[in-house]
Every structure is written in structure tokens, then in C-alpha cells.
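Heads up: the sequence shown begins at -10 in our numbering, then just goes up one per residue. Shown next, in C-alpha cells, is the structure this report addresses.
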Amino acid sequence: MSLVSGGKASASVVVANRMRIALIDREALEQLARQSPEIGNAFDGALNRGLAAKVLRMNRAALAGAADVSGYREIPDLAS
-10 MSLVSGGKAS ASVVVANRMR IALIDREALE QLARQSPEIG NAFDGALNRG LAAKVLRMNR
50 AALAGAADVS GYREIPDLAS
């Protein structure tokens, strides 16, 4: 999220197995997106799909916790 928001990264990770990681520099990504708009659009699309899936998951979890509240409505699946 810090890549999008411009804020400081706030997550840490501990892995159980060997893995490859990538460090994405904001300025380099912006330059790449200017030079190759199709790459910028693909990256934006991937971030947007991930964000939409997270919001949908959070909404479903919130509704599941409020299932006994009057006026409960199912949220349509916007991710499909």
C-alpha cells in the first residue's frame, strides 16, 4: 500500500521457506509507466483488483458479524 499511498511501509514478513522477493521503487515504477503505458495500466489493474477483493472480503466479514441486525442485505459480488 505504501507504493500507492506514498506513505511509509508498515508491514513486516517472516517466511518459513526460501523465496524470491522484489523491491519496487516508486520513482522507477512511475518512469516505467510513462515509458510503457501498457505496463503501467497492467500494474494499476492488478492493484485495483487486489484492493477490490480485500474490500469485498472485509464487507462480507462485517456483514457476517452483523447477521442478526435488522435490515441485513447481501452485498453483490463485484469481483466477478
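Virtual Cβ for every residue (Gly too), placed ideally from N, Cα, C.
Query                                                                                                         : Result
Beta carbon of Ala22, beta carbon of Ile28: below 8 angstroms?                                                : yes
From which residue to which residue does the alpha helix (DSSP H) around Ser(-9) run?                         : Ser(-9) to Ser(-6)
With distances taken Cα to Cα, identify the nearest neighbour of Gly(-4) among Asp33, Arg15, Asn30 and Phe32. : Arg15
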